[in-house]
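Protein chains in written order, with this note's numbering: chain W, 1 to 259; chain Y, 260 to 576. Note that the Cβ used here is the ideal one computed from N, Cα and C, for glycine as well.
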Amino acid sequence: MAKSIDVSDLDIYYGDFLAVQGVTMSIKARAVTALIGPSGCGKSTFLRSLNRMHEVIPGARAEGKVMVDGQDLYDADVDPVAVRREIGMVFQRPNPFPTMSIYENVLAGKRLNATRLKKSDADDLVEKSLRGANLWSEVKDRLGKPGMGLSGGQQQRLCIARAIAVEPQVLLMDEPCSALDPISTAAIEDLIHELKSDYTIVIVTHNMQQAARVSDDTGFFNLKATGEPGHLVEFNPTKKMFTNPDNEATESYISGRFG
Amino acid sequence: MSIADPETEIPPPLGTTSKAGDAVFRGLATASASVILLALAGVAAFLLAQGLPALDGTGAQAYGFDNIWVYVGPLLFGTLLAATIALVFAAPLSLGVALVISHYAPRRVAKGLGWAIDLLAAIPSVIYGLWGIEFLAKQLVPVYMWLEAHLSFIPLFAGPVPTSGRTMMTAGLVLAVMALPIITAICREIFAQTPVMHQEAALALGATRWEMIRLAVFPYGRSGIVSAVLLGLGRALGETMAVALVLSPSIVVSFNLISAEGGDSSSTIAANIALNFGNASGSKIDTLIFTGLVLFVITFAVNFLGRWIAARGVKKG
């Protein structure tokens, strides 16, 4: 299932504004890659460009290559909708569909493929996805209840279940724990460890400890200067990043001297 | 020193200087609110006082009918029929236009389209009536002819088609154009308020734009759409001039949408009042006012239902 992603020389624009410049990195399959950096440095924009979600904003575009399994996501004949079916996303704030039950939320993506699901298959998929998101035991008796009735952390795991129900190649997470309390955060981090064996995971986080705990590789983004585009300062295995970074700016950011 | 020393410059206690203004404003606001309630109560009282005596009217008072209900019934039927036709056409069209404005068109096009729709609402209804007779009705004659030729086995399209084209269908279509701006304006607002995070949730699952609208926009706006349609229905029910100009008054129950010959087409309450009131006198006035009371109750109920559904949706969401 899981695929690696090779990004080369990616420039991301909002209209005429160059937001992120010249990113080149190799994201390993079946590993967690963390993206860190100060606010507004373009790490979320970069994350969104990996499944073309940034194009939701009018005028947004990207130049360069994002290769997944030998296919450039930005080829002219690639449909962004198809890209997003292969590369799922979890957002900063949990966003289950408010009018749907827990059960229907998990199936929402699968139902888009317009294939008729047999009831038994649907039941199996819901159980498998919720188990995969470590949520099954907490909700198995109330699958028909609205997804909004869960706690924030449970909602976020429901969103992860919904994302993995469509069996994507890659899972992108945009600060998935920033709206959660420490206990829920720990639950999500445990989950990320487990999901790693099946999926390629890219996570944006503001929490340095989190990056150190969950990731195998880390990329540090920063602005070149105020008003300049963001860029990738350093990309290295997380261990090296947090003990002996190549770049001075990385070291001062990680040790809390700025940002 | 540009910053005042807090100890030497004590600000006046909150509210002392504006106390008189407060009282005046509160009085004005309360008075306005009471006037509205009084006006509503006054209209209801007038309709009841003048209309109810016509309840047991027969013969000449009921325009030659056995009792008042035989007279009101067909008009009520016509009113509901015209409004139904209007909604059948206006509701899907309005949803489509609202979606184009909120989700499909580029921002500049959407803005222009929004203005155009708002302008539709500003056109006086008598103009719609004239447009209905002079333009729309004539343009529709070939369509009616076709319907009669191919679908006349359905009672709705039995014909015969009048050469003027002034039929129940035409009246309904004119009403549809008039209800369109209200429904569109409300739906547009609701669609535009769909939380971005729900739309992104759908898109990130690989939804196309239309699938995203079905997953995120429609469920979020469902109660709003229903109340928008019911408010549009309220307008279609009460509209007078456009229908009065298009339809000739007659007291029949007829599902035939594309005919007018021999009084084979229903009319509406509002249009009937407008066309007959000038000639009415004495107890006939009471009868017409009673039909007005019936319309008042129906319109009130529809609006009430619309707001109730909207409020219920807010609590749930």
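Beta-carbon proximity check, residue i vs residue j, cutoff 8 Å
i, j, result
"Y/D545", "Y/Q398", "no"
"W/G22", "W/D9", "yes"
"W/D216", "W/V32", "yes"
"W/I102", "W/R52", "no"
"W/R162", "W/G109", "yes"
"Y/L334", "Y/S482", "no"
"Y/F336", "Y/V561", "no"
"Y/V553", "Y/A530", "no"
"Y/M437", "Y/R494", "yes"
"W/V204", "W/K3", "no"
"W/L172", "W/L50", "yes"
"W/F46", "W/F221", "yes"
"Y/A203", "Y/T499", "Outside the modelled stretch of chain Y, which goes from 260 to 576, sits residue 203 of chain Y, for which no answer is possible."
"Y/L432", "Y/L395", "yes"
"Y/A475", "W/F97", "yes"
"Y/I528", "Y/M428", "no"
"Y/L506", "Y/A408", "no"
"W/P59", "W/G15", "Sequence check: residue 59 of chain W is Gly here, not Pro. Yes; because the gap between Cβ atoms is below 8 Å, this pair is in contact."
"Y/Y403", "Y/V420", "yes"
Close beta carbons around residue i, own chain, < 6 Å, minus the five adjacent residues each side
i, result
"Y/L379", "P440"
"W/F17", "none"
"W/E63", "D11"
"Y/I376", "P440, T443"
"Y/K574", "The predicted model places Y/K574 with a pLDDT of 47, which falls under 50 and marks its position as unreliable; any figure quoted below should be read in that light. Excluding sequence neighbours, Y/K574 sits near nothing in its chain."
"Y/L311", "none"
"Y/G576", "Unreliable placement is indicated for Y/G576, whose pLDDT of 41 sits below 50; the coordinate value is still reported in the next sentence. Here the set comprises nothing."
Contacting residues, own chain, Cβ-Cβ under 8 Å from residue i (five flanking each side not counted)
i, result
"W/P190", "As written in the sequence, residue 190 of chain W is Asp, which differs from the Pro given in the question. The answer, listed in chain order, is N134."
"W/T238", "A34, A211, A212, S215, D216, D217, T218"
"W/R93", "A179"
"Y/G332", "V512"
"W/I188", "G153, Q156, R157, I160, P176, C177, L180"
"W/N247", "F220, V233, E234"
Cβ shell of residue i (< 7 Å), same chain only, five flanking positions each side left out
i, result
"Y/A357", "T443, C446, R447, F450"
"W/I87", "L50, N51, P168, Q169, V170, L172"
"W/K311", "An answer regarding residue 311 of chain W cannot be provided, because it is not within the stretch 1 to 259 covered by chain W."
"Y/M260", "Note that Y/M260 scores 40 on pLDDT, short of 50, meaning its location in the model is unreliable; the coordinates nonetheless yield the value given after this. Here the set comprises nothing."
"W/W136", "E127, L130"
Presumed contact (8 Å Cβ cut-off) between residue i and residue j, rounded CB distance
i, j, result
"Y/L352", "Y/L492", "Wrong, their Cβ atoms sit about 14 Å apart, outside the cutoff."
"W/I27", "W/T200", "6 Å"
"Y/G465", "W/L158", "Not confirmed; about 18 Å, so no contact."
"W/H206", "W/E175", "6 Å"
"W/A165", "W/S129", "4 Å"
"Y/G388", "Y/L496", "Their Cβ separation, rounded to whole angstroms, is 16 Å, which puts Y/G388 and Y/L496 out of contact at 8 Å."
"W/V66", "W/Y74", "6 Å"
Min CB distance residue i to chain C below 8 Å
i, result
"W/M89", "The displayed structure is made up of protein chains W and Y, and chain C is not among them."
Residue i beta carbon near the ligand MN (any heavy atom closer than 7 Å)
i, result
"W/T33", "The model on display carries no ligand, and the ligand MN is accordingly not part of it."
Requested in this report: Could I get the ranges of all uninterrupted alpha helix (DSSP H) runs contained in the stretch 460–537 of chain Y, with 4 residues as the minimum, in chain order?
Outcome: Those alpha helix (DSSP H) runs which fall completely within the stretch 460–537 of chain Y and span 4+ residues are 468–471, 477–497, 500–505, 528–535.
Requested in this report: Note down, one range per segment and in chain order, each beta strand (DSSP E) of at least 3 residues found wholly within the stretch 186–247 of chain W.
Outcome: 200–204, 217–223, 230–237
Report task. With 8 Å as the C-beta to C-beta threshold (strictly closer), list the residues of the stretch 142–166 of chain W near chain Y in chain order. Result -> C159, R162, A163, V166
Query - Cβ-based contacts, 7 Å cut-off: residues of the stretch 91–112 of chain W near chain Y - result: F91, R93, N95, F97, P98, T99, A108, G109, L112
Query raised in the report: Taking the runs of the alpha helix (DSSP H) that are 4 residues or longer, which of them lie wholly in the stretch 61–101 of chain W?
Result: 80–86
Query - Interface positions of the stretch 464–498 of chain Y facing chain W (Cβ-Cβ less than 8 Å), listed along the chain - result: L464, G465, A466, T467, E470, L474, A475, P478, Y479, R481
Query raised in the report: Taking a cut of 9 Å between CB atoms, which residues from the stretch 447–466 of chain Y lie near chain W?
Result: P454, V455, M456, H457, Q458, E459, A460, A461, L462, A463, L464, G465, A466
**Report entry** Near-chain Y residues of the stretch 32–52 of chain W (beta-carbon distance less than 9 Å), N- to C-terminal order
**Finding:** Listed by position, the residues of the stretch 32–52 of chain W near chain Y (Cβ gap below 9 Å) are N51.
Query raised in the report: Quick one: complete alpha helix (DSSP H) runs, 4+ long, within the stretch 344–382 of chain Y?
Result: 366–381
**Report entry** Length at least 4, wholly inside the stretch 18–53 of chain W: the alpha helix (DSSP H) runs in chain order
**Finding:** 43–49
Report task. Could you tell me which uninterrupted alpha helix (DSSP H) segments, each at least 4 residues in length, are contained entirely in the stretch 101–177 of chain W, listed from first to last along the chain? Result -> 102–112, 119–132, 136–139, 152–165
Query raised in the report: the stretch 68–81 of chain W: which residues have C-beta closer than 8 Å to a C-beta of chain Y, in chain order?
Result: V81
Requested in this report: Could you pull out every unbroken alpha helix (DSSP H) segment of at least 4 residues lying fully inside the stretch 396–442 of chain Y, listed in chain order?
Outcome: Secondary structure remark: continuous alpha helix (DSSP H) runs of at least 4 residues inside the stretch 396–442 of chain Y, in chain order: 396–410.
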